[in-house]
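Undergrad: Residue numbers (the numbering used here): 20 to 154. Positions of the beta carbon are idealized from the N, C-alpha and C atoms, including for glycine. Quick one: this structure, given as structure tokens, is what I'll be asking you about.
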Amino acid sequence: VKPALDYYCLHPGMGRDAHGLRSYAAKRGVKTFAYGAIGEPGPAPEILESDVLRKIAAKYGVQPAQVAVRWNMQNGNAVSARPTAEFGLGVSACRKDGSCAGGLRDRAFAVAGFALTKQEMRDIDALSAPDAVPC
């Protein structure tokens, strides 16, 4: 049975292809579902304090974590962001009634409110720390 989805950690610093995994799967019609967009199991300072992400975030009035998530989305990946974890969009947890503390939902949805330029995508693609930030 051929899988439809490959679920793995993918964040800026790993590059768009993460050691060839994405291209290998894409050639076989398997889509990428990325978790750990800003590090795993929690936010990685190496990602959130990146000068590249901070500069881009300032341009759009968002946080570096939102830029990291947007980068994954623009690369064609589905992205997982756990609302019960602190992942740079705020320490928050969604309640059973669907409301989220600390404005998490608004900050998470804000990643759809801007688009990275081709140059910004290349700048993020060029970041390198694939083995320095654990997943």
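Would you grab the beta carbon distance between Ala-53 and Ala-87 for me? Rounded to a whole angstrom, and I think it's under 8 Å.
TA: Wrong, their Cβ atoms sit about 10 Å apart, outside the cutoff.
Undergrad: Flag this pair as yes or no: are the beta carbons of Asp-144 and Arg-35 separated by less than 7 Å?
TA: Against a cut-off of 7 Å, the Cβ pair of Arg-35 and Asp-144 comes out as a contact.
Undergrad: Unbroken alpha helix (DSSP H) runs of length 4 or more, entirely within the region 38-62: which are they?
TA: Within the region 38-62, the complete alpha helix (DSSP H) runs of at least 4 residues are 40-45.
Undergrad: For Glu-68, is the classification buried or exposed, using 16 other Cβ atoms within 10 angstroms of its Cβ as the cut-off for buried?
TA: So Glu-68 ends up on the exposed side.
Undergrad: Are the beta-carbon atoms belonging to Phe-133 and Tyr-79 less than 7 Å from one another?
TA: Contact flag set, yes.
Undergrad: For Met-33, name the three-state secondary structure that DSSP assigns.
TA: Correct three-state label for Met-33: coil.
Undergrad: Whose CA, out of Gly-32, Ile-66, Gly-95, lies closest to the CA of Gln-82?
TA: The residue with the shortest Cα to Cα distance from Gln-82 is Ile-66.
Undergrad: Grouping DSSP H, G and I as helix and E and B as strand, with all else coil, what is Val-20?
TA: If DSSP states are grouped into helix, strand and coil, Val-20 belongs with coil.
Undergrad: Out of Ser-147, Ala-23, Leu-29, point me to the one whose CA is closest to Asn-94's CA.
TA: For Asn-94, the nearest C-alpha among the options comes from Leu-29.
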